[in-house]
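Keeping their order, the protein sequence lines are chains A and B.
If you're matching positions, the first sequence starts at 1 in the working numbering and goes up one per residue.
If you're matching positions, the second sequence starts at 1001 in the working numbering and goes up one per residue.
Every residue, glycine too, gets a C-beta built ideally from N, C-alpha and C.
On a predicted model such as this, the values are computed, not experimentally measured, just so you know.
Read the structure below first, then the notes.
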Amino acid sequence: MTRAAGRSFPVLGLVTMLLMVGCGPKSVQVGQEFPVPVMQKKDARVALRVSAAFANYRHSEELEGAGRWDIAIGQANTAMFSQLLDGMFTQSERLEGEQPAPEVDLVVTPELVDFQFSTPELSFTEFYEAWFKYQLRFHDGQGTLLSEWPLTAYGRSEARFLGGSDALRDATEMALRDAAAGFAVRFARDAALQSHVER
Amino acid sequence: MSSASRRAIVTLALGLALGGCVSSKVEQLRESPVTAAAPGSGHGVVVLGRKQNVGNQAEAGVVACVADRLEGGPVTVLSEADFRNGMFPWFEPRTAPQDPAGLARLLADSAVEARVAELGVRYLVWLDGYTSDKDRGGGMSCAAGPGGGGCLGFVWWENQAEYEASVWDLEKRTAVGRVSVDATGTSYMPAVLIPIPMVARTRSAACGGVADQLRELLIAPE
C-alpha cells in the first residue's frame, strides 16, 4: 500500500499540474513581423509617436465558456505602424512620449480606442475574430494638427486548422495587416496630408 | 490480439475504404486564350481565396489543395502567403482588386508592376465558395456496461461543396476564364456494435474538379 501510494504521488502531481495549466489564462503573443509595403516611397521625413499606453497595451478578458484570455498587442501594433511608415516614406523614425520634433515633416500618432475579439464559442461560427479601432492624428513638426481620422480593422482565422491561442494570434495579425492596408488607402486619399508631404 | 480487437480493426478499415457517394457538376468558361509558356520556363500561378465575403470564404485547406494539385508540368505555383506578403498591402481583403479593371488600375503603379514581375506570377486564380452541411438524419444510440458496450443505429448527412475559380492574366490584365464545381455527397454511418463511417469526400472531389479544369484552362494547346 505504501509503495503503491508512493508511486501514485508523482502521477497525481502531474495530473494536477496539467489540470492547473488547462485552467490558466490563454496567452496570445502577436507576431511583430510584417511585410514591407510595395509602394513608391514619398520623399518626406516622418515620425511615429507612440505613447507608453499604446506600446505596452495588453488586452485581458474573461469570456463566458471560453476562459480568460491575455493578448499582448502593444508591441505588434507599434511594429506594424513602424514598418508601414518605413515602407511609405524615405525617412522614418519613432518618437516616444511628448518630445518635440521640429525637424520632421509629419508626426503620426496612433491611439488604440478599442480592441475586441471573439471565439467560436461566442460567435457560433468556425472562426476566431479580432477588431481594432484606432484614432489617428497627423501633426506637422511644429505640432499643428493637419488631419485626424478613425481607422477600423478586422481579421479572422479558421478554428479548425489551429489551436485557440494560435488561431486568435492569426486573427489579430490579420486585423493588423488590415489596419496597415486601411492606413495606406486612407492616407493616399487625404488631400491635406498628400499636399503637405509633397511640398 | 483478441478476436474482438481484430474484428474492430477490420470493420474500421472497411469503413474507411468504403466512401460515401459524391456527384459533381463541373463547368468551364474560357473568356480569352492563354499563351503557351516559353520553352524551359513555366507559367507562374497563384491561388488566392476570396476574403471579401465575411460570411463564407473558401477554406484555407481547399485553397491549398487546389494549389497543390495545380503544381506540375508547365505550371509553377507560388504559395498564397508568399504572394500576399510579396504584394502587401494590395491583396488584403479590403484592397484586393475586385475585377480586371481594378487589377489594371493597381498594376499602373510601377512599384506594384515590378513586384509582380519579380514574383514571376503570370496567372492569378481567385477561389470563392465553401462546403456546407445540407441535411442530416437517422439516429444512433450507444451504451456501455461491465460486460462491454456498443452502438446500434444508422445516421447519414449530406454535404455540398460549391466553388468558383476566376483566372486573371496579370500580363494582359484580362480575365482568362472561370471554372465552377458543384459537388454533393452523402455520408453514412451504420452501427452494429461498432459505428462504421462511410464519408463522402465532397470537398476533395470539388478540389480535384477545380484543379483539373484550371490545368485545362491554363495550359495552352501546343
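Check whether the Cβ atoms of Pro1089 (chain B) and Pro37 (chain A) lie closer than 7 Å to each other.
The count along the second sequence starts at 1 and reaches residue 1089 (chain B) at position 89. The count along the first sequence starts at 1 and reaches residue 37 (chain A) at position 37. Taking the C-beta atoms as reference points, Pro37 (chain A) is found nearer than 7 Å to Pro1089 (chain B).
Taking C-beta to C-beta, are Ala76 (chain A) and Val30 (chain A) nearer than 7 Å?
For the purposes of this step, residue 76 (chain A) is taken as the residue at position 76 of the first sequence. For the purposes of this step, residue 30 (chain A) is taken as the residue at position 30 of the first sequence. Yes, these two residues count as a Cβ contact at 7 Å.
My parser needs the beta strand (DSSP E) runs of 3 or more residues fully inside the segment 1046-1073 of chain B; what are they?
The segment 1046-1073 of chain B contains no whole beta strand (DSSP E) run of 3 or more residues.
Buried or exposed: Thr1131 (chain B), going by 16 or more other Cβ atoms within 10 Å of its Cβ?
Walking along the second sequence from the start, residue 1131 (chain B) turns up at place 131. By the neighbour-count rule (16 or more Cβ atoms within 10 Å), Thr1131 (chain B) is buried.
Using the beta-carbon count (16 or more within 10 Å), is Gly1209 (chain B) buried or exposed?
In the second sequence, the residue the question calls residue 1209 (chain B) occupies position 209. The residue in question, Gly1209 (chain B), is buried, as its Cβ has 16 or more Cβ neighbours within 10 Å.
Along the beta strand (DSSP E) that carries Arg1136 (chain B), what are the first and last residues, could you check?
Counted from its first residue, the second sequence places residue 1136 (chain B) at position 136. Secondary structure note for Arg1136 (chain B): its beta strand (DSSP E) is the uninterrupted segment Tyr1123 to Gly1145.
Starting from Ser165 (chain A), trace the alpha helix (DSSP H) both ways and give me its first and last residue.
Indexing the first sequence from 1 puts residue 165 (chain A) at position 165. Secondary structure note for Ser165 (chain A): its alpha helix (DSSP H) is the uninterrupted segment Gly164 to Arg189.
Please state if the CB of Val1047 (chain B) and the CB of Gln1060 (chain B) are separated by a distance shorter than 7 Å.
As a working note, residue 1060 (chain B) is residue 60 in the second sequence. As a working note, residue 1047 (chain B) is residue 47 in the second sequence. Rather than Gln, the amino acid found at residue 1060 (chain B) in this sequence is Ala. No; because the gap between Cβ atoms is not below 7 Å, this pair is not in contact.
For Phe117 (chain A) and chain B, any beta-carbon pair shorter than 7 Å?
Locating residue 117 (chain A) in the first sequence gives position 117, where the first residue counts as 1. Interface residue (Cβ-Cβ distance to chain B less than 7 Å): Phe117 (chain A) is not classified as such.
Tell me, please, whether the CB atom of Pro1190 (chain B) is closer than 7 Å to any CB atom in chain A?
Counting from 1 along the second sequence, the entry for residue 1190 (chain B) is found at position 190. Chain A contact via Cβ: absent.
Residues from the segment 157-186 of chain A in contact with chain B, defined by Cβ distance under 7 Å
Answer set for the segment 157-186 of chain A: Glu158, Phe161, Arg177, Asp178, Ala180, Ala181, Gly182, Ala184 and Val185.
If we call anything under 7 Å between Cβ atoms a contact, is Val1022 (chain B) one with Ala1211 (chain B)?
Counting from one through the second sequence, the residue named residue 1022 (chain B) turns up at place 22. Counting from one through the second sequence, the residue named residue 1211 (chain B) turns up at place 211. Against a cut-off of 7 Å, the Cβ pair of Ala1211 (chain B) and Val1022 (chain B) comes out as no contact.
Counting C-beta neighbours from all protein chains within 10 Å, is the total for Arg189 (chain A) 16 or more, i.e. buried, or is it exposed?
Translated into the one-based positions of the first sequence, residue 189 (chain A) becomes position 189. Label assigned to Arg189 (chain A): exposed.
At the level of alpha carbons, what is the spacing between Ala1114 (chain B) and Gln194 (chain A)?
Within the second sequence, the letter at position 114 stands for residue 1114 (chain B). Within the first sequence, the letter at position 194 stands for residue 194 (chain A). Rounded to whole angstroms, Ala1114 (chain B) and Gln194 (chain A) show a C-alpha spacing of 24 Å.
Return the Cβ separation of Val28 (chain A) and Ala72 (chain A) in integer angstroms, given the expectation that the two are a contact with Cβ distance under 8 Å.
Indexing the first sequence from 1 puts residue 28 (chain A) at position 28. Indexing the first sequence from 1 puts residue 72 (chain A) at position 72. Going by Cβ atoms, the distance from Val28 (chain A) to Ala72 (chain A) rounds to 7 Å, so yes, they are a contact pair.
List the residues that DSSP assigns as beta-bridge partners of Ile1194 (chain B).
Residue mapping note: residue 1194 (chain B) aligns to position 194 of the second sequence, counting from 1. Residue pairing of Ile1194 (chain B) in beta bridges, as defined by DSSP: B:Val1192.
With DSSP run on the structure shown, which of helix, strand or coil describes Gln1213 (chain B)?
Taking the first residue of the second sequence as 1, we reach residue 1213 (chain B) at position 213. The three-state reading of DSSP puts Gln1213 (chain B) in helix, counting H, G and I together.
Measure from the C-beta of Val1046 (chain B) to each C-beta in chain A and report whether the shortest distance is under 7 Å.
For this step, residue 1046 (chain B) is matched to residue 46 along the second sequence. With 7 Å as the cut-off, Val1046 (chain B) does not count as an interface residue toward chain A.
Quick one: grab the DSSP three-state call for Phe138 (chain A).
On the first sequence, position 138 is the one that residue 138 (chain A) refers to. Under the three-state reduction of DSSP, Phe138 (chain A) is assigned to strand.
Nearest candidate by alpha-carbon position, reference Tyr128 (chain A), set A:Gln116, A:His139 and A:Met39:
Position 128 of the first sequence, counted from the first residue, corresponds to residue 128 (chain A). Across the set A:Gln116, A:His139 and A:Met39, the C-alpha of A:Gln116 shows the shortest separation from the C-alpha of Tyr128 (chain A).
Over what stretch of residues does the alpha helix (DSSP H) that includes Gln75 (chain A) continue unbroken?
To locate residue 75 (chain A), count along the first sequence from 1; it is residue 75. Per DSSP, the unbroken alpha helix (DSSP H) holding Gln75 (chain A) starts and ends at Gly74 to Met88.
Contact the segment 134-143 of chain A vs the segment 86-99 of chain A: 3+ CB pairs below 8 Å
Between the segment 134-143 of chain A and the segment 86-99 of chain A, the count of C-beta pairs closer than 8 Å stays below three; the two stretches do not touch.
Buried versus exposed, by CB contacts within 10 Å (16 or more), Leu1269 (chain B)
Residue 1269 (chain B) lies beyond the residue range present for chain B, which begins at 1001 and ends at 1222; the question has no answer from this structure.
Keeping to the same chain, check which residues put their C-beta closer than 7 Å to that of Gly1086 (chain B); ignore five residues upstream and five downstream.
The count along the second sequence starts at 1 and reaches residue 1086 (chain B) at position 86. Its chain contains Arg1115 and Leu1119 as the residues whose beta carbon lies nearer than 7 Å to that of Gly1086 (chain B), once the 5 sequence neighbours on both sides are disregarded; these appear in chain order.
Helix, strand or coil at Asn56 (chain A) according to DSSP, with G and I counted as helix
Along the first sequence, read from residue 1 onward, the residue named residue 56 (chain A) stands at position 56. Of the three classes helix, strand and coil, the one that applies to Asn56 (chain A) here is coil, per DSSP.
What does Cys1151 (chain B) pair with, by DSSP beta-bridge criteria?
The residue labelled residue 1151 (chain B) in the question sits at position 151 within the second sequence. BP columns for Cys1151 (chain B) point to B:Cys1142 and B:Leu1193.
Cβ neighbour criterion (16 or more within 10 Å) applied to Pro1033 (chain B)
As a first step, residue 1033 (chain B) is located in the second sequence; it is residue number 33 there, counting from the start. Exposed.
Can you check DSSP and say which residues form a bridge with Leu1078 (chain B)?
Along the second sequence, read from residue 1 onward, the residue named residue 1078 (chain B) stands at position 78. Answer is B:Val1046, bridged to Leu1078 (chain B).
In whole angstroms, what separates the C-alpha of Phe183 (chain A) from that of Phe132 (chain A)?
Within the first sequence, residue 183 (chain A) is the residue found at index 183, counting from 1. Within the first sequence, residue 132 (chain A) is the residue found at index 132, counting from 1. C-alpha separation (whole angstroms): 13 Å.
Any idea which residues DSSP pairs Lys133 (chain A) with across the strands?
Here the question's residue 133 (chain A) lines up with position 133 in the first sequence. Beta-bridge pairing links Lys133 (chain A) to A:Asp114 and A:Thr152.
Taking the alpha-carbon of Gly1137 (chain B) as reference, which of B:Glu1031, B:Ala1144, B:Pro1190 and B:Val1176 has the nearest alpha-carbon?
Along the second sequence, read from residue 1 onward, the residue named residue 1137 (chain B) stands at position 137. Of B:Glu1031, B:Ala1144, B:Pro1190 and B:Val1176, the smallest CA-CA separation from Gly1137 (chain B) is found for B:Pro1190.
In chain D, which residues lie with their C-beta within 7 Å of the C-beta of Pro37 (chain A)?
Considering every chain present, this structure includes no chain D. Its protein chains are A and B.
In the structure shown, what three-state DSSP assignment does Gly1208 (chain B) receive?
In the second sequence, the residue the question calls residue 1208 (chain B) occupies position 208. Here DSSP, grouped into helix, strand and coil, assigns Gly1208 (chain B) to helix.
Mind reading off the beta-carbon distance from Trp1156 (chain B) to Ser1187 (chain B)? Whole number of angstroms is fine, and I expect it under 8 Å.
For the purposes of this step, residue 1156 (chain B) is identified with residue 156 of the second sequence, where counting begins at 1. For the purposes of this step, residue 1187 (chain B) is identified with residue 187 of the second sequence, where counting begins at 1. So it is a contact: roughly 7 Å between Cβ atoms.
What are the boundary residues of the beta strand (DSSP E) that includes Ala44 (chain A)?
Here residue 44 (chain A) corresponds to residue number 44 of the first sequence, with the count starting at 1. Taken as a continuous stretch (DSSP letters only), the beta strand (DSSP E) holding Ala44 (chain A) covers Lys42 to Val50.
Step through the CB atoms of chain B and report whether any lies within less than 7 Å of the CB of Gln40 (chain A).
Taking the first sequence and counting its residues from 1, the one referred to as residue 40 (chain A) is at position 40. Judged by the 7 Å Cβ criterion, Gln40 (chain A) is in contact with chain B.
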